[in-house]
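Engineer: Can you keep this structure in mind? I'll have questions shortly.
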Amino acid sequence: MSKVNSRKDPSGRMDTDEDVSAKHLPQSVSDLPVKSGHRSLRGQVDENPCGIVLNAPRTRHPKVFIKTFGCQMNARDSELVAGMLIKKGYRLGESAEEADIVLFNTCSVRQKAEDKVWSEIGKIKTYCQFQNYKLQITNDKLKDKNKKQKISNSSPVIYHSNQTHNKKTIVGLIGCMAENYQKEAFKKSPLIDIVVGPNNIGSITNVLDDFLITRKRQVAVGRKQRREGVYNTEFISGKNHANVIIMEGCNNFCSYCIVPYVRGRERSRSADAIIEEIKGLVQKGIKEITLLGQNVNSYTAHSSGLRAHGRNKLAFTDLLKIVNEIEGLESFDFVTSHPKDANTKLFKTMAELPKCGKFLHLPVQSGSDRILKLMNRGYTRKHYIKLAKQAKEIIPKLRLTTDGMVGFPSETEKDFEDTFDLMKQVEFSAAYIFKYSSRPHTKAMQMPDDVLLEVKKERNRVLLNFQKQLHKRKNRG
Ligand code: SAH
Ligand code: SF4
Ligand code: F3S
1 MSKVNSRKDP
11 SGRMDTDEDV
21 SAKHLPQSVS
31 DLPVKSGHRS
41 LRGQVDENPC
51 GIVLNAPRTR
61 HPKVFIKTFG
71 CQMNARDSEL
81 VAGMLIKKGY
91 RLGESAEEAD
101 IVLFNTCSVR
111 QKAEDKVWSE
121 IGKIKTYCQF
131 QNYKLQITND
141 KLKDKNKKQK
151 ISNSSPVIYH
161 SNQTHNKKTI
171 VGLIGCMAEN
181 YQKEAFKKSP
191 LIDIVVGPNN
201 IGSITNVLDD
211 FLITRKRQVA
221 VGRKQRREGV
231 YNTEFISGKN
241 HANVIIMEGC
251 NNFCSYCIVP
261 YVRGRERSRS
271 ADAIIEEIKG
281 LVQKGIKEIT
291 LLGQNVNSYT
301 AHSSGLRAHG
311 RNKLAFTDLL
321 KIVNEIEGLE
331 SFDFVTSHPK
341 DANTKLFKTM
351 AELPKCGKFL
361 HLPVQSGSDR
371 ILKLMNRGYT
381 RKHYIKLAKQ
391 AKEIIPKLRL
401 TTDGMVGFPS
411 ETEKDFEDTF
421 DLMKQVEFSA
431 AYIFKYSSRP
441 HTKAMQMPDD
451 VLLEVKKERN
461 RVLLNFQKQL
471 HKRKNRG
């Protein structure tokens with residue numbers, strides 16, 4: 001779902017004021033003061049109405065800028081990180097240039113996605129030389145590295161010092177590349193100060209504290225699962241729409257895909273926690289929800305409500321029914337479904353539930369049985385075409401979209417023609433076509449990446465062009 005990262009960078013919505021004491025900091029998005037109102041606070045602090053000249057260094061809370069790459073899951077993770085930082089007293093900046101801390105929330109799905117991040121990190125260099133203040137944790141007592149608990153309760157503050165420090169912007173690599181590279185990231189880019197994997201984002205404030213105190217590079221990776229407290233609604237970038245994570249990780253191990261290695265094994269959140277989160281969002285004015293997971297059809301979890309009804313486990317379609325009942329929620333949809341797990345029960349549930357969006361993203365990857373097998377996708381071309389047909393029949397006005405890949409190792413012209421043919425038969429509403437990229441850890445990496453880049457580009461162009469023409473034809477009526 002790499003193309004779907006359309007939500008605005010979270011930092012865009014935050015104020016940029018300085019010199020605001022902790023008690024004035026917004027605790028949630030809805031608390032955010034309008035810019036001009038906030039300015040007056042700065043006036044009170046700076047102008048010092050009593051006329052006494054303060055001899056203490058001026059302070060302000062450090063600004064963080066989060067730059068997000070990759071899928072919707074990453075977009076949501078950036079909000080979660082922003083929420084944790086805001087709660088701790090950090091503020092969000094509007095650009096990397098004005099920020100004290102820049103966090104890159106990254107994607108490893110293709111080499112190109114990673115190259116882009118390394119290049120963006122390289123650009124940070126230019127900001128460093130213009131800074132001349134020092135970033136510290138407020139309370140001196142907290143310099144005792146052993147008092148971890150106290151450190152995590154502290155509020156970070158910047159001292160505007162009279163001395164000129166050659167301050168360097170603090171750079172964090174978070175998300176899937178952090179898990180992929182771990183300590184290696186410091187060698188790849190000497191500008192990086194902290195590395196935090198996707199399942200470790202709950203430690204982000206502690207990691208920053210530790211870095212600020214020790215000035216030593218920090219790595220937090222390798223957690224198998226997040227604690228429930230990570231999912232917070234302190235910061236939501238959209239006004240009407242929000243993403244809600246229902247499950248994470250993947251056990252499918254498609255042979256080309258790095259996701260199971262960087263996101264970990266599949267696990268589902270409890271239905272109660274998901275429902276509580278959605279209700280909280282609705283209270284904040286959210287009307288539309290997208291339920292997120294690498295493979296939502298595998299969702300299975302417990303619910304206290306179900307136990308009362310003598311049942312233990314809850315399937316994805318059960319969750320959809322419960323979400324449909326939430327008062328105040330107007331509509332919801334979900335990504336991503338796997339063709340080997342999607343079935344007519346899902347399609348019927350989608351058709352029946354009035355609030356459920358008639359939208360299904362069902363990545364096909366290839367139309368060639370030989371390639372599908374090599375990809376370890378667990379279905380055939382025939383199965384996919386039948387499934388797509390059933391989905392369209394059962395769900396009126398369905399918007400069916402897909403992901404496709406060209407140039408998988410050993411893909412022949414005939415294999416490609418099979419993909420092209422499948423796309424002609426199914427007539428997707430939209431298709432995201434990717435050129436195969438060899439990824440570390442994966443099984444396909446052991447196969448020679450033998451389709452020439454020029455050939456990959458041409459096949460990519462042909463499929464995208466077909467999709468464009470189809471779109472034009474459908475729009476004409
Ligand atoms: N389960 C998720 C997959 C996320 S990856 C989902 O289905 O949405 C999103 C897409 O990236 C995949 O569907 C696939 O088309 C593409 N992709 C994954 N690994 C790739 C690779 N090594 N090279 C090129 N494209 C890849
Ligand atoms: Fe990757 Fe396949 Fe899992 Fe999707 S289903 S995340 S493509 S391994
Ligand atoms: Fe998403 Fe990219 Fe990670 S697609 S799960 S951000 S590797």
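Residue numbers (the working numbering): 1 to 477.
Where is the CB? At the ideal position from N, CA and C, for every residue including glycine.
Mind reading off the beta-carbon distance from D403 to Q365? Whole number of angstroms is fine, and I expect it under 8 angstroms.
Structural biologist: Translated into the one-based positions of the sequence shown, residue 403 becomes position 403. Translated into the one-based positions of the sequence shown, residue 365 becomes position 365. With a Cβ gap of about 7 angstroms, D403 and Q365 count as contacting.
Engineer: Does the beta carbon of F253 fall short of 7 angstroms from some heavy atom of the ligand SF4?
Structural biologist: Mapped onto the sequence shown, residue 253 falls at position 253. Answer for F253: yes, Cβ within range of the ligand SF4.
Engineer: Around the Cβ of L453, are there at least 16 other Cβ atoms within 10 angstroms (buried) or fewer (exposed)?
Structural biologist: By one-based count along the sequence shown, residue 453 stands at place 453. L453 should be labelled exposed.
Engineer: Looking at N199 and the ligand F3S, is the gap between the Cβ and the nearest heavy atom below 7 angstroms?
Structural biologist: By one-based count along the sequence shown, residue 199 stands at place 199. Not so, every heavy atom of the ligand F3S lies at least 7 angstroms from the Cβ.
Engineer: I'd like the ranges of any alpha helix (DSSP H) spanning at least 4 consecutive residues and lying wholly in the stretch 378 to 462.
Structural biologist: Listed in chain order, the complete alpha helix (DSSP H) runs (minimum 4 residues) inside the stretch 378 to 462 are 381 to 394 and 413 to 426.
Engineer: Thinking just about the alpha-carbon of each residue, which of Y432, K188, K424 and F334 is nearest to the one in R473?
Structural biologist: For the purposes of this step, residue 473 is taken as residue 473 along the sequence shown, with counting starting at 1. It is K424 whose Cα lies nearest to the Cα of R473.
Engineer: Just to confirm before moving on: does the CB-CB distance between D318 and G175 stay below 8 angstroms?
Structural biologist: Numbered from 1 along the sequence shown, position 318 holds the residue referred to as residue 318. Numbered from 1 along the sequence shown, position 175 holds the residue referred to as residue 175. Cβ atoms of D318 and G175: not closer than 8 angstroms.
Engineer: Whole alpha helix (DSSP H) runs in the stretch 233 to 317 with 4 or more residues, listed along the chain?
Structural biologist: You should have 259 to 263, 271 to 283 and 304 to 308.
Engineer: Could you spell out where the alpha helix (DSSP H) holding I194 opens and where it closes?
Structural biologist: Start at 1 with the first residue of the sequence shown, and residue 194 comes out as number 194. Not the alpha helix (DSSP H): I194 falls in the beta strand (DSSP E), residues I194 to V196.
Engineer: For K355, does the three-state DSSP call read helix, strand or coil?
Structural biologist: Numbered from 1 along the sequence shown, position 355 holds the residue referred to as residue 355. If DSSP states are grouped into helix, strand and coil, K355 belongs with coil.
Engineer: Taking the alpha carbon of F466 as the reference point, which residue from A430, T336, K188 and G172 has its own alpha carbon closest?
Structural biologist: By one-based count along the sequence shown, residue 466 stands at place 466. Among A430, T336, K188 and G172, the Cα nearest to that of F466 is on A430.
Engineer: Which residue wins for smallest C-alpha separation from T290, given the options A242, Q283, L191 and L372?
Structural biologist: The residue labelled residue 290 in the question sits at position 290 within the sequence shown. Nearest option by C-alpha distance: A242.
Engineer: According to DSSP, simplified to helix, strand and coil, what is N343?
Structural biologist: Position 343 of the sequence shown, counting from 1, holds the residue named residue 343. In this structure, N343 counts as coil in the three-state DSSP scheme.
Engineer: Is it true that the CB of G202 sits closer than 8 angstroms to the CB of E179?
Structural biologist: On the sequence shown, residue 179 is found 179 positions in, with the first residue counted as 1. On the sequence shown, residue 202 is found 202 positions in, with the first residue counted as 1. For E179 and G202, no; Cβs fall outside 8 angstroms.
Engineer: Using only the heavy atoms of the ligand F3S, determine whether one of them is closer than 7 angstroms to the beta carbon of I66.
Structural biologist: For the purposes of this step, residue 66 is taken as the residue at position 66 of the sequence shown. Checking the Cβ of I66 against the ligand F3S gives no.
Engineer: I'd like to confirm the pairing. Which residues does DSSP put opposite S331 in its beta bridges?
Structural biologist: Here residue 331 refers to the residue found at position 331 when the sequence shown is read from its first residue. DSSP output for S331 lists E288 as bridge partner(s).
Engineer: Taking the beta strand (DSSP E) that Q225 belongs to, which residues open and close that run?
Structural biologist: Position 225 of the sequence shown, counted from the start, is the residue given in the question as residue 225. From DSSP, Q225 is part of no beta strand (DSSP E); its letter is neither H nor E.
Engineer: Quick check: the stretch 318 to 332 against the stretch 351 to 368, are at least 3 beta-carbon pairs closer than 8 angstroms?
Structural biologist: The stretch 351 to 368 vs the stretch 318 to 332: in contact.
Engineer: If you reduce the DSSP assignment to three classes, tell me which class K63 lands in.
Structural biologist: What you label residue 63 is simply residue 63 of the sequence shown in a count that begins at 1. If DSSP states are grouped into helix, strand and coil, K63 belongs with the strands.
Engineer: Take every Cβ of the stretch 381 to 389, pair it with every Cβ of the stretch 261 to 280, and state whether three or more of those distances are shorter than 8 angstroms.
Structural biologist: Output reads no: the stretch 261 to 280 does not touch the stretch 381 to 389.
Engineer: How far does the alpha helix (DSSP H) with I174 in it extend, from its first residue to its last?
Structural biologist: Looking up residue 174 in the sequence shown gives position 174. From DSSP, I174 is part of no alpha helix (DSSP H) but of the beta strand (DSSP E) over I170 to G175.
Engineer: Measuring alpha carbon to alpha carbon, tell me which of F434, M247 and I258 ends up nearest T300.
Structural biologist: Here the question's residue 300 lines up with position 300 in the sequence shown. Nearest option by C-alpha distance: M247.
Engineer: For a test of your reading of the model: does the CB of S108 fall under 7 angstroms from any non-hydrogen atom of the ligand F3S? Yes or no.
Structural biologist: The residue given as residue 108 occupies position 108 in the sequence shown. Result yes, Cβ under 7 angstroms from the ligand F3S.
Engineer: Once DSSP output is grouped into helix, strand and coil, what is the label at R215?
Structural biologist: On the sequence shown, position 215 is the one that residue 215 refers to. Coil at R215, not helix or strand.
Engineer: Given this structure, state the Cα-to-Cα distance separating R439 from E114, to the nearest angstrom.
Structural biologist: Working through the sequence shown from its first residue, we reach residue 439 at position 439. Working through the sequence shown from its first residue, we reach residue 114 at position 114. Spanning the two alpha carbons is a distance of roughly 11 angstroms.
Engineer: Quick one: Cα of R226 to Cα of G477, how far?
Structural biologist: Mapped onto the sequence shown, residue 226 falls at position 226. Mapped onto the sequence shown, residue 477 falls at position 477. Spanning the two alpha carbons is a distance of roughly 48 angstroms.
Engineer: Which residue's Cα is closest to the Cα of I236: N376, A75 and G367?
Structural biologist: Working through the sequence shown from its first residue, we reach residue 236 at position 236. Closest by alpha carbon: A75.
Engineer: Helix, strand or coil: which one does DSSP assign to T349?
Structural biologist: Residue mapping note: residue 349 aligns to position 349 of the sequence shown, counting from 1. Of the three classes helix, strand and coil, the one that applies to T349 here is helix, per DSSP.
Engineer: The alpha helix (DSSP H) with L372 in it runs from where to where?
Structural biologist: Along the sequence shown, one-based indexing puts residue 372 at 372. L372 -> alpha helix (DSSP H) spans D369 to L374.
Engineer: Is the CB-CB distance between K456 and K435 below 8 angstroms?
Structural biologist: Working through the sequence shown from its first residue, we reach residue 456 at position 456. Working through the sequence shown from its first residue, we reach residue 435 at position 435. Contact flag set, yes.
Engineer: Quick one, are the C-beta atoms of M447 and P396 less than 8 angstroms apart?
Structural biologist: The count along the sequence shown starts at 1 and reaches residue 447 at position 447. The count along the sequence shown starts at 1 and reaches residue 396 at position 396. For M447 and P396, no; Cβs fall outside 8 angstroms.
Engineer: Are the stretch 93 to 107 and the stretch 216 to 230 touching, with three or more C-beta to C-beta distances below 8 angstroms?
Structural biologist: No contact exists between the stretch 93 to 107 and the stretch 216 to 230.
Engineer: For D369, which residues in the same chain have their Cβ closer than 7 angstroms to its Cβ, ignoring the five residues on either side in sequence?
Structural biologist: Position 369 of the sequence shown, counting from 1, holds the residue named residue 369. Contacts found: T380 and R381.
Engineer: What separation, rounded to the nearest whole angstrom, lies between the Cα atoms of H61 and F69?
Structural biologist: To locate residue 61, count along the sequence shown from 1; it is residue 61. To locate residue 69, count along the sequence shown from 1; it is residue 69. Those two C-alpha atoms are separated by around 26 angstroms.
Engineer: For N105, count neighbouring C-beta atoms within 10 Å of its own C-beta (all shown protein chains included) and say buried if the count is 16 or more, exposed if not.
Structural biologist: In the sequence shown, residue 105 corresponds to position 105, counting from 1. Classification of N105: buried, given that the 10 Å Cβ count is 16 or more.
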